[in-house]
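When we follow the working numbering, the leftmost residue of the sequence shown carries the number 23, and every step to the right adds one. For every residue, glycine included, the Cβ atom is placed at its ideal position computed from N, Cα and C.
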Amino acid sequence: MWKKECDTSFVGFMKDGARWLVDNTDIKLVGTDYLSVAAYDDLAASHLVFLKSREIILVEALKLDNVKPGIYDLRCLPLRLRGAEGSPI
Numbered sequence: 023m024w025k026k027e028c029d030t031s032f033v034g035f036m037k038d039g040a041r042w043l044v045d046n047t048d049i050k051l052v053g054t055d056y057l058s059v060a061a062y063d064d065l066a067a068s069h070l071v072f073l074k075s076r077e078i079i080l081v082e083a084l085k086l087d088n089v090k091p092g093i094y095d096l097r098c099l100p101l102r103l104r105g106a107e108g109s110p111i
């Protein structure tokens, strides 16, 4: 994520993986430490599965390098942007 060039080999969800997660879990948020939760070869499809399913929140570009394993309370506060459907958090 913090490189100057786009790494197209990053791990992300394909459409069928996103659909499985939506159908078989009660997940409310998906986060990643790269630019997208979707795989490079399937960018739009998996995003749509998550967002159209039941409003699963997608948090991208997290900096997780120094986070120790454990249970955390995560709070994501979006910006109130008039006319926007989403915002950076």
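Quick check: what's the CA-CA separation for residue i versus residue j?
i      : j      : result
PRO110 : LEU101 : 7 Å
GLY39  : SER68  : 8 Å
VAL89  : ARG104 : 34 Å
ARG97  : LEU51  : 11 Å
For a test of the three-state rule: what should DSSP assign to residue i, helix, strand or coil?
i     : result
PHE32 : coil
GLY39 : helix
ALA61 : coil
Using beta-carbon positions only, say whether residue i and residue j come within less than 8 Å of one another.
i     : j     : result
GLY34 : ALA60 : yes
ASP63 : LYS37 : no
GLU82 : THR54 : yes
TYR56 : PHE32 : yes
ILE78 : ILE49 : yes
Would you kindly report the start and end of the unbroken beta strand (DSSP E) that includes residue i?
i     : result
LEU80 : 79-81
LEU99 : It is not in any beta strand (DSSP E) - LEU99 carries neither H nor E in the DSSP assignment.
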